[in-house]
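The structure under discussion appears below in the form of structure tokens.
There are 2 protein chains.
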Amino acid sequence: MQLYYLHADYQMNTKTVTAANTKLINTRQQIVEYSADMLRANGFEGFSYLDISRHLGITKASVHHHFPKKVDLGLALCDWTQDWFEQGLSHFDARATSNWNKLERYVRAAMKHSLNEHKLCPISAFYSDLNKLPDSIKERVKALDDYELDWVTAVMQDGIDNDEFAPNQDPRALASLFIFSCKGALYYARLHGKDLFHQTMKQFEHLLKSS
Amino acid sequence: MQLYYLHADYQMNTKTVTAANTKLINTRQQIVEYSADMLRANGFEGFSYLDISRHLGITKASVHHHFPKKVDLGLALCDWTQDWFEQGLSHFDARATSNWNKLERYVRAAMKHSLNEHKLCPISAFYSDLNKLPDSIKERVKALDDYELDWVTAVMQDGIDNDEFAPNQDPRALASLFIFSCKGALYYARLHGKDLFHQTMKQFEHLLKSS
DNA sequence: GTCTATAGCTAGATAGAC
DNA sequence: GTCTATCTAGCTATAGAC
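Residue numbers (our numbering), protein chains in the order written: chain U, 1 to 211; chain Z, 212 to 422.
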């Protein structure tokens with residue numbers, strides 16, 4: 001009886017907490033996800049608490065309840081990006097049929113919806129207003145960049161070691177060349193369309209494998 | 212005597228007009244040049260008439276006298292960029308010792324002060340707030356991009372024709388790969404320093420000449 | 001050409017009721 | 001957790017005096 005009572009109480013508490021958490025998580029998540037969309041389209045300074053509140057049908061004050069300062073939201077967006085990135089990479093590492101295929105899959109994921117909706121890749125989206133970002137966010141962005149560069153470098157290294165890519169090349173320089181090309185192309189695609197983007201990837205593949 | 216009088220009168224008018232024009236041109240030019248600096252650092256939405264007025268020691272209203280709407284200032288910045296670009300290219304075309312040297316000179320000019328002052332190249336600076344730009348400016352930016360791409364393509368073509376670059380490559384795809392790499396690297400350099408930038412250029416040169 | 005003054009709107013942020 | 005109300009500050013832009 002006492003046990004049942006405790007149990008019921010526990011359930012109730014759990015339920016209450018769960019319900020509260022669910023609501024909390026939902027609103028919070030909706031804020032983060034809409035913000036991530038806006039970030040990729042317009043940069044961190046390109047959307048406001050008013051935009052978010054209108055999209056979710058709540059007030060600005062409610063948004064501030066979840067993220068008191070905008071820098072808090074910015075850091076949550078860094079977390080979101082990191083999750084997106086880690087989940088993607090483990091996926092590609094498991095399924096890719098070759099090193100080039102890994103890069104292809106990565107690019108395809110980063111570009112998903114980007115080309116049609118004039119959005120940037122999640123990591124480089126912060127670069128739009130880089131000079132105006134708080135230092136705490138800059139540091140996170142830098143870490144995300146390094147993480148990405150490390151992964152691409154490892155793919156290049158493996159490709160060179162296994163004679164998939166041409167020998168005698170610096171894998172890190174190749175990796176940065178690849179990343180810069182992709183992101184530059186994505187910037188251009190917003191104004192010039194995707195043809196040039198695909199064409200550039202093809203050219204890179206040719207250079208990578210035959211030089 | 213009459214002649215002298217007329218001459219004097221003419222001089223005076225000329226002087227007045229010249230002085231007025233000089234002042235006009237100076238203020239106007241100062242606005243454009245400071246705006247160009249800010250554009251390259253923070254994007255078109257990243258500076259305001261208040262910033263300009265403070266920098267020049269005049270009021271916002273005076274800035275509006277020269278550029279009634281901000282889109283007018285934006286179009287003037289497109290003109291400024293076009294001038295910068297055309298002057299540069301004729302300079303490189305005249306002095307470069309090889310096609311690769313042309314590209315090197317172009318990159319060096321575009322990067323001048325950029326790397327140390329965290330600025331972007333003048334053409335791609337508009338990309339920071341691309342989705343928020345008025346259509347009239349977007350069109351101008353697109354035209355500037357095409358102009359740049361045409362020039363680099365011609366350099367690549369000439370390099371291939373003269374056996375300076377590896378044969379059997381699509382000069383336009385090479386050109387876009389080059390441009391994307393440069394601009395992507397410049398974005399990165401704002402946060403990661405210039406080493407990666409120079410390293411990437413070296414890698415590109417290797418790929419271009421030996422593939 | 002430059003100024004003062006002002007308009008209307010939006011930004012990020014906070015206090016306190018419910 | 002959401003609301004109303006409010007704050008300070010910034011934004012683009014205009015009217016009209018000097």
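Note that CB positions come from ideal geometry on N, CA and C, so glycine has one too.
What does K194 (chain U) touch in chain Z if you count any residue whose Cβ is under 9 Å from its own? Near K194 (chain U) there are no residues of chain Z at all, since even the closest Cβ is about 12 Å away, more than 9 Å.
Closer than 8 Å to chain U by CB, L261 (chain Z): no
Give the single residue among U:E148, U:V155 and U:A173 whose Cα lies nearest to the Cα of W84 (chain U). U:E148
So if I threshold CB-CB distances at 9 Å, which residues from the region 341-354 of chain Z count as touching chain U? L341, N342, K343, K349, V352 and K353
Do V155 (chain U) and K102 (chain U) come within 8 Å of each other at the CB atom, strictly closer than that value? V155 (chain U) sits close to K102 (chain U), with the two beta carbons spaced by under 8 Å.
Measure the Cβ-Cβ separation of A143 (chain U) and L208 (chain U) and say whether it is below 8 Å. no
Top-ranked residue by Cα proximity to S35 (chain U), from U:H65, U:A61, U:T59 and U:K70: U:K70
Just how far apart, CA to CA, sit A326 (chain Z) and G57 (chain U)? Note that residue 326 (chain Z) is Leu in the sequence shown here, rather than Ala. If I take the Cα positions, the gap works out to 43 Å.
The alpha helix (DSSP H) spanning I160 (chain U) covers which residue range? D135 to D161
Would you mind listing the alpha helix (DSSP H) stretches within the region 22-94 of chain U that are 4+ residues and don't spill past its ends, in chain order? Correct list: 49-56 and 60-66.
Alpha carbon to alpha carbon, how far is Y127 (chain U) from M412 (chain Z)? 21 Å
Could you tell me the alpha carbon to alpha carbon distance between A321 (chain Z) and P333 (chain Z), rounded to whole angstroms? 7 Å
Sort U:Y49, U:P68 and U:F67 by Cα distance to T59 (chain U) and report the nearest one. Closest by alpha carbon: U:Y49.
Quick one: which chain U residues come within Cβ less than 8 Å of I269 (chain Z)? In chain U, no part has a C-beta under 8 Å from the C-beta of I269 (chain Z); the shortest such distance is about 24 Å.
Rounded to a whole number of angstroms, what is the C-alpha to C-alpha distance between D248 (chain Z) and A272 (chain Z)? 21 Å
Thinking C-alpha only, which one of Z:W311, Z:A305 and Z:V318 is nearest H409 (chain Z)? Z:V318
Identify, in the order they occur along the chain, each residue of the same chain with its Cβ nearer than 7 Å to the Cβ of H192 (chain U), setting aside the five sequence neighbours on each side. none
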